[in-house]
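Everything on this sheet refers to the single structure shown next.
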Amino acid sequence: MTARAARILSSLVAVALTAACTNYYEIPIETPIRPKLDVSAFQRVLVAGFISGGTEDVDGNLETTRLLRSQLRSKSEMRVIDTDVLPLMDVAAEGQGTETAIETSPAGVPAPIKDDKDLEPYEHLFADVAYWKKVGEEYQQPLIVTGTVMFAPQQRAGIVQRDQEVYDSLGRRRVVPVRTYMERKGFVLKPRFVFIDGRTGAVLHSENFREEILYNANQTTPALSSYFELMDRLIPSFLSTLSSQKIKGTRVLLQ
Amino acid sequence: MRALSALVVTLLALSAAPLAADARTDAKKQIEFGISVAQRGLWREAIYRWERAATIDPTYAAAHNNLAIAYEHEGDLDKARAAYEKAIELEPNNAFIKQNYELFKEINDRTSRQDSQ
Chain A
622 MTARAARILS SLVAVALTAA CTNYYEIPIE TPIRPKLDVS AFQRVLVAGF
672 ISGGTEDVDG NLETTRLLRS QLRSKSEMRV IDTDVLPLMD VAAEGQGTET
722 AIETSPAGVP APIKDDKDLE PYEHLFADVA YWKKVGEEYQ QPLIVTGTVM
772 FAPQQRAGIV QRDQEVYDSL GRRRVVPVRT YMERKGFVLK PRFVFIDGRT
822 GAVLHSENFR EEILYNANQT TPALSSYFEL MDRLIPSFLS TLSSQKIKGT
872 RVLLQ
Chain B
80 MRALSALVVT LLALSAAPLA ADARTDAKKQ IEFGISVAQR GLWREAIYRW
130 ERAATIDPTY AAAHNNLAIA YEHEGDLDKA RAAYEKAIEL EPNNAFIKQN
180 YELFKEINDR TSRQDSQ
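Chains A and B, in that order, are what the protein sequence lines are.
Quick note: the first sequence uses this note's numbering, first residue 622, plus one each step.
Quick note: the second sequence uses this note's numbering, first residue 80, plus one each step.
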């Protein structure tokens, strides 16, 4: 028996013993979580676009913009502005300083972003108050959502614990934990959401997330479906920045 | 004189026991009423009843546990934590209170982690 199983079992025994000598009532509750950002001053939200990189299989900029717009349309009270995604990589390359040179092709197209280090030269864009103020003026001073999205393949090998069914001589089934060496591959998603005040161009709030998924090495999962699976995990946290959320649960009232 | 003092102390102790029992009985009535209104979704009335119960009998762990749940439902997480901690202090081995508190901490930790990012 694992330590975790022993803990769960002892907790269940304790609850059963307490239940035997206490009057109790299970009750469903909904805990409201206040939004992290006060967005009452904004009627509109513009998901402007993202600086993205990692893999060429998924356009992180386009997919993230599309997904966040659709989520905000159904789960936020603000009006979502429908417009073309801003070419932020080109904007950043045009307005870059001399210290953080963005690599470009002879035609002036920024080189693909492969890892976190490649993102650094683009960071100055989010602090460009004049640029974001201009964008804000163009779209009637909305809340602007932008940032970076890194979605990259990853590979990992090591010891993994998994449950295995075994049958004894009497044919009884048992599940035992087995530790095996496995090679796994998957994806890691690292978005950074930046919230900008369209009236002033200043950054109001920013937050980083990291989610990863690993599959057996012989399993083939399309990059786009992994991207959506990982985004699905962090969408509630993204939404809780802008609108209040309710977390459902059950508690025990005592008499 | 010593015998008289002992008699007075004994009488005082004997009269205090029914007073404590009365307080628990009164508090229990508030608790029961609070549960019945909470089950109908009237959480503010439930809070009022359980706050009264905790005032009548501050050693009643159930009053603090139920108050904590009601505060949680109202989104007042600071008050909920304080009430859970009081309930656990009074009944450290009560598995229901501990289970409620663990579930509360999960939500509370998640929101404070988000705030710090």
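Beta carbons are placed, not taken as given, at the ideal position from N, Cα and C, and that holds for glycine.
Checking contacts by CB at 9 Å: is residue i closer than that to chain A?
i: N179 (chain B); result: yes
i: E130 (chain B); result: no
i: L156 (chain B); result: yes
i: I186 (chain B); result: yes
i: I135 (chain B); result: no
i: I167 (chain B); result: no
i: I126 (chain B); result: no
i: I176 (chain B); result: yes
i: Q196 (chain B); result: Note on Q196 (chain B): pLDDT 46, under 50, position unreliable in the model; the coordinate value appears next. It does; some Cβ of chain A falls within 9 Å.
Residues of chain A with CB closer than 9 Å to the CB of residue i, please, in chain order.
i: L182 (chain B); result: G870, T871 and R872
i: Q109 (chain B); result: The contacting residues do not exist; Q109 (chain B) stays about 11 Å from chain A at best.
i: I148 (chain B); result: I648, I650, R872, V873 and L874
i: E151 (chain B); result: I650, T652, G870 and R872
Who are the neighbours of residue i on chain B, taking C-beta pairs under 7 Å?
i: L835 (chain A); result: By Cβ distance, chain B contributes nothing, its closest Cβ being about 23 Å from L835 (chain A), past 7 Å.
Anything in chain B within Cβ reach of residue i, meaning under 8 Å, just list it in chain order.
i: Q876 (chain A); result: K107, I110, E111, I114 and A141
Please state whether the Cβ-Cβ distance between residue i and residue j is less than 9 Å.
i: N145 (chain B); j: G113 (chain B); result: yes
i: L688 (chain A); j: L764 (chain A); result: no
i: F859 (chain A); j: F814 (chain A); result: yes
i: L156 (chain B); j: I110 (chain B); result: no
i: V796 (chain A); j: V787 (chain A); result: yes
i: V873 (chain A); j: F816 (chain A); result: no
i: R854 (chain A); j: E832 (chain A); result: yes
i: G870 (chain A); j: I650 (chain A); result: yes
i: G768 (chain A); j: R820 (chain A); result: no
i: L845 (chain A); j: I834 (chain A); result: no
i: A106 (chain B); j: A132 (chain B); result: yes
i: A166 (chain B); j: Y180 (chain B); result: yes
i: G681 (chain A); j: Y848 (chain A); result: yes
i: A149 (chain B); j: F183 (chain B); result: no
i: T862 (chain A); j: V770 (chain A); result: no
i: P653 (chain A); j: S865 (chain A); result: yes
i: A823 (chain A); j: V706 (chain A); result: no
i: G807 (chain A); j: Y836 (chain A); result: yes
i: D739 (chain A); j: A748 (chain A); result: no
At 8 Å on the CB atoms, spell out the chain A contacts of residue i, in chain order.
i: A117 (chain B); result: I648 and L874
State the beta-bridge partners of residue i as determined by DSSP.
i: M803 (chain A); result: A:G779
i: T652 (chain A); result: A:I868
i: H152 (chain B); result: Beta-bridge pairing links H152 (chain B) to no other residue.
i: D784 (chain A); result: A:P798
i: Y836 (chain A); result: A:K806
i: E647 (chain A); result: A:V873
i: N829 (chain A); result: A:R813
For residue i, would you say it is in contact with chain B, using Cβ-to-Cβ distances shorter than 9 Å as the test?
i: T719 (chain A); result: Any reading at T719 (chain A) needs caution, since the residue's pLDDT is 46, under 50, leaving its predicted position unreliable; the model's value is listed next. So no, T719 (chain A) is outside the interface.
Check each residue of the region 642 to 666 of chain A: if its Cβ is closer than 8 Å to any Cβ of chain B, include it; give the result in chain order.
-> Within the region 642 to 666 of chain A, those residues whose Cβ lies closer than 8 Å to any Cβ of chain B are, in chain order, T643, Y645, Y646, I648, I650, E651, T652, P653, I654, R655 and K657.
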